[in-house]
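In our numbering, the protein residues as written are 3 to 449. Where a beta carbon is used, it is the ideal one built from N, C-alpha and C, also for glycine.
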């Protein structure tokens, strides 16, 4: 005799249930077709040997479709009831919103699982020729109650049955995918600040428009501003069409920086409310300051982690295909806000936010000297260049973005300490920020 037939005989010998003649092969095939089921071979043998009739047993021959579908869906209904009462929530379903929203999420998740085939009450088998384990909804979960149908028959007739030792992951509530490992940070200590030769300023031309024209760059009509820069030098700006023309203008002026000493930076209309007299001046003159990026990072790290750890979340590390930063900037500026090109006399681009007295990060207490100290580090390590400023955004081009997970996590921690909104309101974790920094366009937004 087969396992299914042996199980049916145990029930018949017990005498608690009426046993009708078993289903024919034609009836079994019709049953599978009718309800889109795939009976386990043991279950087919069980039903072919006899059809138990009574409370809890599906009457596969005589019951109507509504009744049989209620049997088929019972395990899921029991689980959803546990969700509604707050007794069940599966990690694979994400955050639990509670109430009806939780029920809808769980219902959709369970609907996506392979259906199970009821045997008796809340006991069921999985479909197909897999393991013969009998499962049941118990204690707001799914438990293996018997190794096979013989074990279930013993259980139903009052005998002691030990559940199987290793039944594998339960159906309907599969084990969640393992989260990727979270790499251990090896900073702090942070890499030392780069050793750089003294800055050498190029005296800007009296007439930048004419000087650039001689170099083959037409910047149009320039407007002079004498009250913006911290070192009281004049700067100039010109209107540029946003998008590709603005990028091309920036590239053209950038290429002549070694000759002119003028660094180009794209501005929005809102940026003007954050610079000059509307900005924040440093107590120490920027050009006379000593830049200690490592010290600043160490202080920020100690302060930020005194109560809460750095936000981490395991994820696969990918290097973004980021050769074309210009396309990234076009997507970033999809509203076409960066329509002004400023020409800032400076010995280095990493001084530009401080020289402009830009106050976009004032709520985070990042001063002009702080901006310069961090941007100076990145200018050497990642060849970053200041591209654009808004009232709350700083945009950099990274010509050598990190390419390994170790490099990217180190850069991400520095970026998080410099602008915690890169994690708190943008990427969600240091690990996601590390991936974002493999792109050549770096954007920083301060709330």
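- With a cut-off of 8 Å on Cβ pairs, the stretch 346–362 is in contact with the stretch 275–291, counting three or more such pairs.
- It is roughly 35 Å from the alpha-carbon of residue 440 to the alpha-carbon of residue 222.
- Taking the Cα positions, residue 122 is about 20 Å away from residue 36.
- Residue 195 counts as buried, since no fewer than 16 other beta carbons sit within 10 angstroms of its beta carbon.
- A check of alpha carbon separations from residue 129 across 39, 187 and 73 identifies 39 as the nearest.
- According to DSSP, residue pairing for residue 267 in a beta bridge involves 344.
- For residue 356, no beta strand (DSSP E) segment is defined; the enclosing uninterrupted segment is the alpha helix (DSSP H) at 354–357.
- The criterion of a C-beta distance shorter than 8 Å is not satisfied by residue 118 and residue 45.
- With contacts defined by Cβ atoms closer than 8 Å, residue 268 and residue 390 form a contacting pair.
- When only Cα atoms are considered, residue 370 and residue 283 end up about 8 Å apart.
- The C-alpha of residue 193 lies about 22 Å from the C-alpha of residue 321.
- Between residue 12 and residue 155, the CB-CB gap stays under 8 Å.
- A residue is called buried once 16 or more other Cβ atoms fall within 10 Å of its Cβ, and residue 275, having fewer, is exposed.
- As the crow flies, the alpha-carbon of residue 212 is around 31 Å from that of residue 378.
- Taking a cut-off of 8 Å on C-beta distances, the stretch 412–421 does not touch the stretch 165–177, as fewer than three cross pairs fall below it.
- Apart from the 5 residues on each side of it in sequence, residue 400 sits with its Cβ closer than 6 Å to the Cβ of 384, 386, 442 and 444 in its chain, given in chain order.
- Within the stretch 137–206, the beta strand (DSSP E) runs of at least 3 residues that lie entirely inside it are, in chain order, 143–148.
- The beta carbon of residue 245 sits closer than 8 Å to those of 332, 335 and 338, all from its chain and outside the five residues before and after it, given in chain order.
- Here DSSP, grouped into helix, strand and coil, assigns residue 120 to strand.
- As DSSP reads the structure, residue 238 sits in a beta bridge with 226 and 345.
- Taking the Cβ atoms as the reference, residue 151 lies roughly 6 Å from residue 6, within the contact range of under 8 Å.
- Following the DSSP letters along the chain, one finds residue 395 inside the beta strand (DSSP E) bounded by residues 395–400.
- As for any beta strand (DSSP E) of minimum length 3 sitting wholly inside the stretch 33–107, the runs are 53–55, ordered along the chain.
- Residue 185 places its beta carbon 8 Å or farther from that of residue 347.
- Per DSSP, reduced to three states, the secondary structure at residue 305 is helical.
- DSSP assignment within the stretch 247–291 yields the following whole beta strand (DSSP E) runs of 3 residues or more, N-terminal first: 264–269.
- By the CB criterion at 8 Å, residue 310 and residue 433 fall outside the cutoff.
- Rounded to whole angstroms, the separation of the alpha carbons of residue 295 and residue 303 is 12 Å.
- Membership of residue 390 in the beta strand (DSSP E) is indicated by the continuous run 386–391.
- Taking C-alpha positions only, residue 388 is separated from residue 430 by approximately 25 Å.
- For the pair residue 136 and residue 172, the CB atoms are not nearer than the 8 Å cut-off.
- In this chain, the alpha helix (DSSP H) harbouring residue 378 covers 370–383.
- Assigned with DSSP and collapsed to three states, residue 445 falls in strand.
- In this model, residue 110 and residue 319 are separated by some 30 Å (Cα to Cα).
- For the pair residue 326 and residue 106, the Cα-to-Cα distance works out to about 42 Å.
- Rounded to whole angstroms, the separation of the alpha carbons of residue 255 and residue 115 is 59 Å.
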